[in-house]
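Mapping the sequence shown onto UniProt numbering, position 49 (from 1) lands on 49, and the numbers just tick up by one.
Glycine residues also receive a C-beta, built at the ideal position from the N, C-alpha and C atoms.
Since this is a predicted model, take the numbers as computed values, not measurements.
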Amino acid sequence: MAEIKGQELSPIDHFFQTEVCLNEQQARILSAAAKAFSNRGYVATTVSDIVALAHASKSTFYKHYPNKKAVLNHLFDLVSNAVVRRVEKILRDYPPTTAKRTYQAIREYIGMCQTYQELAKLLLIDTIGFVPELQEKREEMMLFFAGIFQRELMMLKTEQEKWIISNAMVGAIHQVVIQSLLTEEMPDVDHIATILEKMLSKILREESGKGV
């Protein structure tokens, strides 16, 4: 999980300094937009709000984006790509179909959502229904994680079993993340990951035992 070093940086600023590679102008605009969307709401935020917070001109904004919807879409792409990159690194670092590998992958995703709570809440909760393209992107992320679990479920006999269990696990993780973001005090990420990994291990033991 990412740790924020230096109290002077907000989590949003930290994300743009450590997780992505952008030119300074674009990073300022995106960071300002994320803060404005989080504080004022996507609908209420205007391009004027964004450029004022970014200390940039409107011409600079329009050099990079045609409108605020394009900014939001780019924000989602950057955050989702960062999550995918980190989770895939975890999967490369541990042997396939091991409990520790599954635990670490779950922990990394939930940990990033907790570290960057404002971004996660903005993209997973606050903007639901406002930008149709984002729902497609959210579904693509769900499919990515379902694919991870399907690869981990090689011991199951049928593709249907893999499909059902992998999607059930993704749904459980997603719901835990959503509810955690809505609470004032975030649950411990290690505890969450441990419980979710135990759920998957229990299902695998029960399903594999049926074939004995």
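query                                                                                             : result
Sequence-distant residues of its chain with Cβ nearer than 6 Å to Ser57 (five each side left out) : none
Phe130 - DSSP class collapsed to helix/strand/coil                                                : coil
Exposure label - Lys202; buried when at least 16 CB within 10 Å                                   : exposed
As assigned by DSSP and simplified to three states, the class of Leu72                            : helix
Inside the region 110 to 174 only - alpha helix (DSSP H) runs reaching at least 4 residues        : 117 to 121, 132 to 152
Of the listed residues Leu30, Lys35, Ile148, Glu185, nearest to Tyr62 (C-alpha basis)             : Leu30
Ile148 burial status per 10 Å Cβ neighbour count (16 or more: buried)                             : buried
Residue range of the alpha helix (DSSP H) that includes Tyr62                                     : 58 to 64
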